[in-house]
Every structure is written in structure tokens, then in C-alpha cells.
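A short worksheet on the structure shown next.
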Amino acid sequence: MHEGEETQITQIIQNDNQQCSCGGTYILQKFSREISKKLKEINQNCNWLLIKENEQSEKKVQIIQNKIKQSIQIQKDIQPKENKYFGYLEEQESKLNDLIAQKEALHQEILVKNLEIFQKKLQNLKEQKEQFEKKKQEKQIDEETKIKNLRENIQKIQPRKQQLEKLIQVEPIYIENLNNQLKSDQEYKQKKDKELKQNQQNIDKLEDAQQEQNPFMQTSIKNANQGGNNLFTLPDANYNAFNGDQRKNNKNQQINGRKVGQYSDDDDSDW
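Position 205 of the sequence shown, counted from 1, bears residue number 205 in the UniProt record's numbering, the numbering being contiguous throughout.
In C-alpha cells, the structure reads:
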């Protein structure tokens with residue numbers, strides 16, 4: 001705190017003491033002296049701090065001046081090197097400018113070539129597009145033709161489909177008739193096997209009796225076996241064979257002639 005400020009504060013306190021009418025002048029004067037004492041102490045401390053700060057500032061100024069001197073000396077030492085370096089930089093900058101100019105020229109040339117290549121590719125793409133459109137149209141026409149042919153084939157197949165549907169309906173009846181015919185043939189075969197067995201037994205009996213009878217009886221039996229008009233005549237084996245072949249032919253005629261169902265895989269005619 002400056003000395004003028006301290007005198008001003010003391011004057012203010014004295015004025016207050018003169019204006020006080022409560023009888024506290026002594027206390028105020030004592031308080032004023034204490035304040036003045038404290039202010040002097042603060043002023044002394046501030047002066048000491050200023051002195052210290054000035055000393056440190058002078059040291060800092062000295063350090064800075066030394067660094068400036070060193071910097072100036074360093075600048076003198078490196079000036080030739082800087083000149084050489086700056087010359088090198090100028091030279092390199094010039095070379096760089098030349099390279100940039102060459103690069104721009106080369107870039108322009110590359111751009112022109114790329115433009116030509118791009119134009120060729122674009123032309124190829126246009127041609128490919130035209131070919132694609134042409135093939136697309138051809139494919140569309142081909143597909144339309146195929147669809148038309150399919151529709152015509154469907155119309156042609158429709159009668160055949162109706163025939164097949166009818167055949168599917170009749171097929172169970174045809175199979176049932178074949179099963180019935182097979183059952184009848186099996187019964188007939190069993191009957192004929194039984195007759196053949198009975199005839200064989202009769203032949204065996206006749207052969208046994210032949211040994212016991214006279215030659216005339218043997219001749220009669222022989223004639224009977226040959227189909228003669230004697231009293232005892234055996235069934236003709238050819239008759240049985242003929243009947244078997246005839247029934248077999250009738251069965252084949254029923255299958256091949258399509259009497260049941262009346263259809264054939266190779267026959268496309270209507271019923």
C-alpha cells in the first residue's frame with residue numbers, strides 16, 4: 001500500500017472521531033493506530049515482494065538476453081548452411097514444378113487415351129445392348145410360338161384325355177372280367193384234370209383186366225383205345241386237346257379283340 005493511501009485512511013478515521021458524539025474517541029484512536037500499524041506491515045511486505053520480484057525479473061531478463069545472444073551467434077553460424085539449404089530448396093522446387101508440368105501433360109494424355117477407351121467400351125455396350133434386345137425379341141417370339149403350340153397340343157390331346165378318362169373308368173370292369181375268366185378257366189382245368197385222372201384209373205384197371213381175359217377181349221380193348229365202335233370206348237385224347245386249344249383261342253380273342261373294354265394302346269379312334 002502506498003504512503004498517500006495510508007494518510008488518506010488515517011484522515012478518514014480522524015474525521016470520524018471528530019464527528020462521533022458517543023464518547024468512543026479513545027477506542028477509535030486505538031483502533032486507528034492498530035490499523036496504521038497493520039498497513040505499515042503490509043506495505044513493508046509488499047515492498048519486499050516487489051524487490052524479490054524485481055530481482056527475479058532481472059535474472060529472467062539476463063537469461064533472455066543470453067539466449068538472444070546465443071541465438072544470434074547460432075544464426076551467424078548457420079547462415080551459410082541456410083543459404084545452401086535454401087538454394088537446394090529452390091532447386092528442388094524448380095524440379096518439382098517441372099515434374100508437375102510433366103505430370104499435367106501426362107495426365108492430359110492419359111485422359112485422352114482413357115476417353116478413347118471409354119468411347120470404345122461405350123460403343124461395345126451399345127452393340128451388346130442391341131444384340132440383347134434382338135435376342136430378347138427373338139426369344140419372346142419363340143416363347144409365344146411355343147405357348148401357341150402348347151395350346152394347340154392341349155386342344156389336340158383333349159379328346160385323348162377324355163378317352164383315357166373313360167378307359168380309367170372301364171378298367172376295373174375289364175380287370176374284373178379277366179379275373180372271372182381266369183377263375184372259370186381254373187375251374188375248367190380242375191374239372192378236366194379230374195376227368196383225366198379218372199380216365200387214367202380206368203386205363204389202369206383195363207390193363208390189369210387184360211392180363212386175365214382172352215385174346216378176343218384184348219383185341220376189343222385195343223380197338224376201344226383206337227377209337228373203335230365197340231361197347232367200351234375211352235375218351236379221345238385229341239378231343240381234350242382240341243377243347244383246350246379252342247378255349248385258349250377264345251381267351252386270346254377276348255384279350256386281343258378287346259371284347260371287354262374294347263380299347264388298345266395303339267388305337268386312337270373313338271369308341
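C-beta atoms are modelled at their ideal positions from N, C-alpha and C, and glycine is treated no differently. These numbers come from a predicted model, not from an experiment.
What's the C-alpha gap between residue i and residue j?
i    : j    : result
K60  : S36  : 35 Å
I64  : S57  : 10 Å
L196 : I203 : 10 Å
I158 : K166 : According to the sequence provided, residue 158 is Gln. The question's Ile does not apply to it. Their Cα atoms are separated by approximately 12 Å.
S184 : Q201 : 26 Å
Q102 : E109 : 10 Å
E93  : V112 : 28 Å
H107 : N97  : 15 Å
R160 : L122 : 56 Å
L206 : Q190 : 24 Å
E138 : Q128 : 15 Å
Y174 : E152 : 33 Å
R33  : E55  : 33 Å
E144 : L150 : 10 Å
Y88  : K81  : 10 Å
W48  : I72  : 36 Å
Q70  : D77  : 10 Å
I154 : K148 : 10 Å
Q79  : I51  : 41 Å
N114 : E130 : 24 Å
L164 : N179 : 22 Å
L125 : F86  : 55 Å
N45  : F31  : 21 Å
E133 : I100 : 47 Å
N177 : D142 : 50 Å
I168 : Y188 : 31 Å
D193 : L182 : 16 Å
K95  : K135 : 58 Å
Q140 : K156 : 24 Å
L91  : A105 : Here residue 91 turns out to be Glu, not Leu, going by the sequence shown. Distance between the alpha carbons of E91 and A105: 21 Å.
Q62  : I68  : 10 Å
Only counting the same chain, and skipping five residues up and downstream in sequence, which positions put a Cβ closer than 8 Å to that of residue i?
i    : result
K248 : Its pLDDT being 49, under 50, K248 is placed unreliably in this model, and the value from its coordinates should be taken loosely. Result list for K248: empty, nothing under 8 Å.
Looking only at its chain, what residues have a beta carbon closer than 7 Å to the beta carbon of residue i, apart from the 5 residues adjacent to it on each side?
i    : result
N243 : Confidence in N243 is poor, its pLDDT being 48 and thus under 50, which makes the residue's placement too unreliable to answer from.
Counting only beta-carbon atoms, is residue i nearer than 8 Å to chain D?
i    : result
Q108 : No chain D is present in this structure, which holds just one protein chain.
Which ranges would you report for the beta strand (DSSP E) in the segment 99 to 163 if only whole runs of at least 3 residues count? none
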